[in-house]
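To start, the structure under review is shown below, and the notes come after it.
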Amino acid sequence: MGRTWVLDTETKGTGAQMVPLDKVVETPENKPLFVPRKHRPKPPPETAPRAPRRFKVVDISTREVLSADAGARSTLALLGAIRSSVDVNVFVWEPSTEAWRLLTLREKRMLWERRTGTSPE
Amino acid sequence: MNTLTWMAYSTEEARIQLLDDLAHAIDEIGVALAALGAAYELLDERTADQLEEEMFRPVQVAYGRAQRTHAGFAERHGLAGRKFEPSVAGRVSQGARSFVDTATEAIAETEHLLAEIQDSMMPVEVGDAPLRAGLAEARELVGPLPARAHEIVRVIGR
């Protein structure tokens, strides 16, 4: 059987030309096989473990520092021995600014509600 | 009783009276603090932050300053100090505006009491410089607060 010829119109510049059919028909075997890569989840960015919060408690009437650079547990225990949340100011150490920051009323309330001990407000 | 004994006695009495009057003012500040704390719980975050910044903090500073003044004066003159008990705000059903109103009344009363103490001349006659400084500072702290309270009440009322 003779070869089948077709008019290839995709030729640029010189116009169409007659070519064998098997030159213009794409067959699976001459097409590169695309195999998508397996998706691998990105590993989580490595972050340094957050240092435990440090607190400072100051008596508002005497300005006495009742605890300095204390952890949460001992701060909650100290608050448990204080009569009223308005009697003290609580500060938290902010590593980013390297300074003590006064807790907002909301933050202080959260600590106060978790205080250990029996002193009622 | 000779004259010197009588004078010493009356000076001590006057100082005790001064401490009592100051304690009364401190109790009023305590009422204001409790009411502001209760109002804070009922307000939206933005108004609560404004209340904290413009009222609660200055009142708390005044509370501490006045207590320090009381304790320091008592200690310097060998008189009995006093522990100030936390106040109770009232019922939540009162609403934020009512709590702010309560605080404003207590602050106004504090200002009035501090002014009376200063006007009585007792701080000059039987007091001392740290006492006078403490009274003046506490009064300066609470003085502007009623106007700020008025502004916050206006926001709450919208």
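Residue numbers (my numbering), protein chains in the order written: chain E, 248 to 368; chain D, 2 to 159. Ideal Cβ positions, reconstructed from N, Cα and C, are used throughout, including at glycine. Remember, it's a predicted structure, so these values are computed and weren't measured experimentally.
What in chain D is Cβ-close to residue 351 of chain E, meaning under 8 Å? The answer, in chain order, is 50, 53.
DSSP three-state label for residue 368 of chain E, please. The predicted position of residue 368 of chain E is uncertain, since its pLDDT is 44 and thus under 50; a value taken from the coordinates is nonetheless stated next. Shown here, residue 368 of chain E sits in coil according to DSSP, grouped into three states, outside any helix or strand.
Give the residues of chain D in contact with residue 308 of chain E, contact being defined as C-beta atoms less than 9 Å apart. Neighbours of residue 308 of chain E on chain D, chain order: 64, 65, 66, 67, 68, 69, 71, 72, 85.
Name the chain D residues whose beta carbon is nearer than 7 Å to that of residue 312 of chain E? Residues of chain D whose Cβ lies closer than 7 Å to the Cβ of residue 312 of chain E do not exist; the shortest such Cβ separation is about 14 Å.
Could you run through the stretch 85–104 of chain D and flag, in chain order, every residue whose CB is less than 7 Å away from some CB of chain E? Of all residues in the stretch 85–104 of chain D, 87 have a Cβ within less than 7 Å of some Cβ in chain E.
Which residues in the same chain as residue 60 of chain D place their Cβ atom closer than 8 Å to its Cβ, once the five residues preceding and following it in sequence are excluded? Closer than 8 Å at Cβ, skipping near neighbours: 30, 33, 34, 37, 104, 108, 142, 143, 146.
Interfacial residues, the stretch 330–361 of chain E to chain D, with Cβ spacing under 9 Å: Listed by position, the residues of the stretch 330–361 of chain E near chain D (Cβ gap below 9 Å) are 330, 331, 332, 333, 334, 336, 349, 351, 352, 353, 356.
Residue 349 of chain E lies in the beta strand (DSSP E); which residues open and close that run? Unbroken beta strand (DSSP E) run through residue 349 of chain E: 346–349.
Going by other Cβ atoms of all chains shown within 10 Å of its Cβ, with 16 needed for buried, is residue 40 of chain D buried or exposed? Burial call: buried.
Keeping to the same chain, check which residues put their C-beta closer than 8 Å to that of residue 332 of chain E; ignore five residues upstream and five downstream. The beta carbon of residue 332 of chain E sits closer than 8 Å to those of 326, 355, 356, 359, 368, all from its chain and outside the five residues before and after it, given in chain order.
Among D/52, D/72, D/26, nearest to residue 150 of chain D - alpha-carbon criterion: Of D/52, D/72, D/26, the residue nearest in Cα terms is D/52.
Span of the alpha helix (DSSP H) holding residue 74 of chain D? Residue range 58–77 is occupied by the alpha helix (DSSP H) that includes residue 74 of chain D.
Check residue 255 of chain E in the structure and name its three-state DSSP category. Residue 255 of chain E falls in the strand class under three-state DSSP.
What separation, rounded to the nearest whole angstrom, lies between the Cα atoms of residue 285 of chain E and residue 348 of chain E? When rounded, the distance between both Cα atoms is 48 Å.
Where do the N-terminal and C-terminal ends of the alpha helix (DSSP H) with residue 355 of chain E fall, by residue? That run of the alpha helix (DSSP H) goes 352–360.
Could you check whether the Cβ of residue 136 of chain D sits closer than 8 Å to any Cβ belonging to chain E? Taking Cβ atoms only, chain E never reaches closer than 8 Å to residue 136 of chain D, which makes this a no.
Which first and last residues belong to the alpha helix (DSSP H) in which residue 321 of chain E is found? Here the alpha helix (DSSP H) through residue 321 of chain E covers 319–327.
Inter-residue spacing [alpha-carbon to alpha-carbon] between residue 305 of chain E and residue 289 of chain E: Spanning the alpha carbons of residue 305 of chain E and residue 289 of chain E requires a straight line of approximately 46 Å.
Does the stretch 70–86 of chain D come within contact of the stretch 122–134 of chain D, defined as at least 3 CB pairs closer than 8 Å? With a cut-off of 8 Å, the stretch 122–134 of chain D and the stretch 70–86 of chain D count as touching, because enough Cβ pairs lie within range.
Beta carbon of residue 136 of chain D, beta carbon of residue 80 of chain D: below 8 Å? In this structure, residue 80 of chain D does not lie closer than 8 Å to residue 136 of chain D by Cβ.
Extent of the continuous beta strand (DSSP E) to which residue 306 of chain E belongs: 302–306 is the extent of the beta strand (DSSP E) around residue 306 of chain E.
Close-in-space but distant-in-sequence residues of the same chain around residue 44 of chain D (CB under 8 Å, 5 per side omitted): Apart from sequence neighbours up to five positions away, the residues of its chain that approach residue 44 of chain D with a beta-carbon distance below 8 Å are 52, 97, 157, ordered along the chain.
Please identify, using Cβ separations under 8 Å, the residues of the stretch 144–159 of chain D that lie next to chain E, in order along the chain. Result list empty, no residue passes.
Check the DSSP bridge columns for residue 51 of chain D and list the partner residues they point to. Answer is none; residue 51 of chain D lacks a bridge partner.
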